[in-house]
Amino acid sequence: MKLVVLLTDWGTKSYYQGVVKGVIKKVAPEVEIIDLTHEVEPFNVREAMHVLVRAYRDFPRGTVFMAVVDYGVGTERKAIAFETESGYFFVGPDNGLFTLVAEEDKILRIVKLENPEYFYKPAPSFSFHGRDIFAPVSAYLAKGVDLSVFGRRLEGLVFLPYEKARKENGEIIGEVAFFDRFGNVETNIPGILLKDLKFFSTVTIKKGGGEFVAIYCRTYGDVAEGELLIHTDSSGFLEIAVNQGSARARMGCRGGEKIVVVLG
């Protein structure tokens, strides 16, 4: 299967994602293109990093992910592509976006994208590497072109610091990963860390200087409308929600904050 999956912060109002699809089709008409999302908060590499690691394994081996949240476009940050042990390919800026994928899935090869033969334009725009570099390279990869032709091999990539999920002294610690359109607070805490909790028990959530009481349950409707809850979401991570409301608004979250769940 020849498949390119797009993740960006471009939104759907602009023409950017449409033009990128056009470039991919010019290079590889047979390639199927799927939009993972174009609604990452502008410039929010942390959000993109969390979304990508949750989603990529739901696609077939061999899928090429073009992930572009690129506040440093046109600067000295590197344009890269890499292959993982599980058989996936990733293309985008080397700015931390691929941190969690690289920690979860061993990288086999990384290259710097510097061969203009595989660019859309020999002299790429300084402000639209998505169209001029990442899109054509993604298309060539989907066609089966080897990574080695795109540029020099690199030994590593940029990692974004974050609050790693862990359990310490009766507390579960992690960070706010991102928010969905309902205002649910997605964390990076694996649901398995809740295994000692009983359904409908009470927990305290600490964020900054604030504390919030929530009910641990299976799903939103297990509590009354307006109640704060935590549960393991469909991706296997702890989610903080309000039944028919916004946990983001209730807790005043912005994204990236440290979260502490006190058990018992």
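Under our numbering, the residues of the sequence shown are numbered 1377 to 1640, in order. In this text, a Cβ means the ideal position worked out from N, Cα and C, and glycines have one as well.
Here's the rule: buried if 16 or more other CB atoms are within 10 angstroms of the residue's CB, otherwise exposed. What is residue i?
{"i": "residue 1493", "result": "exposed"}
{"i": "residue 1443", "result": "buried"}
{"i": "residue 1620", "result": "exposed"}
{"i": "residue 1545", "result": "exposed"}
{"i": "residue 1434", "result": "exposed"}
{"i": "residue 1508", "result": "buried"}
{"i": "residue 1538", "result": "buried"}
{"i": "residue 1500", "result": "buried"}
{"i": "residue 1451", "result": "exposed"}
Determine which residues share a DSSP beta bridge with residue i and list them.
{"i": "residue 1442", "result": "1382, 1467"}
{"i": "residue 1529", "result": "1487"}
{"i": "residue 1399", "result": "Partner(s): none; residue 1399 has no beta bridge."}
{"i": "residue 1411", "result": "1382"}
{"i": "residue 1582", "result": "1587, 1636"}
{"i": "residue 1621", "result": "1618"}
{"i": "residue 1563", "result": "1552"}
What three-state label does DSSP hand residue i in the structure shown?
{"i": "residue 1592", "result": "strand"}
{"i": "residue 1570", "result": "helix"}
{"i": "residue 1423", "result": "helix"}
{"i": "residue 1612", "result": "coil"}
{"i": "residue 1433", "result": "helix"}
{"i": "residue 1451", "result": "coil"}
{"i": "residue 1551", "result": "strand"}
Tell me the rounded alpha-carbon separation between residue i and residue j.
{"i": "residue 1595", "j": "residue 1617", "result": "9 Å"}
{"i": "residue 1386", "j": "residue 1416", "result": "8 Å"}
{"i": "residue 1471", "j": "residue 1423", "result": "13 Å"}
{"i": "residue 1526", "j": "residue 1410", "result": "23 Å"}
{"i": "residue 1418", "j": "residue 1445", "result": "7 Å"}
{"i": "residue 1429", "j": "residue 1636", "result": "22 Å"}
{"i": "residue 1570", "j": "residue 1560", "result": "18 Å"}
{"i": "residue 1398", "j": "residue 1389", "result": "16 Å"}
{"i": "residue 1641", "j": "residue 1483", "result": "The requested residue 1641 is not part of the displayed model; the chain covers only 1377 to 1640."}
{"i": "residue 1360", "j": "residue 1634", "result": "Residue numbering for the chain in the displayed model covers 1377 to 1640; residue 1360 lies beyond these limits and cannot be assessed."}
{"i": "residue 1514", "j": "residue 1400", "result": "7 Å"}
{"i": "residue 1558", "j": "residue 1380", "result": "28 Å"}
{"i": "residue 1597", "j": "residue 1556", "result": "18 Å"}
{"i": "residue 1554", "j": "residue 1495", "result": "33 Å"}
Could you check which residue in the options has the C-alpha nearest to that of residue i?
{"i": "residue 1486", "options": "1468, 1558, 1382, 1562", "result": "1468"}
{"i": "residue 1436", "options": "1457, 1378, 1556", "result": "1378"}
{"i": "residue 1405", "options": "1639, 1512, 1566", "result": "1512"}
{"i": "residue 1517", "options": "1464, 1598, 1450", "result": "1464"}
{"i": "residue 1441", "options": "1612, 1425, 1447", "result": "1425"}
{"i": "residue 1638", "options": "1393, 1603, 1555, 1572", "result": "1572"}
{"i": "residue 1551", "options": "1557, 1504, 1380, 1631", "result": "1631"}
{"i": "residue 1506", "options": "1609, 1455, 1556", "result": "1455"}
Report whether the distance from the Cβ of residue i to the nearest heavy atom of the ligand ATP is below 8 Å.
{"i": "residue 1555", "result": "The ligand ATP is absent from the structure shown, which contains no ligand whatsoever."}
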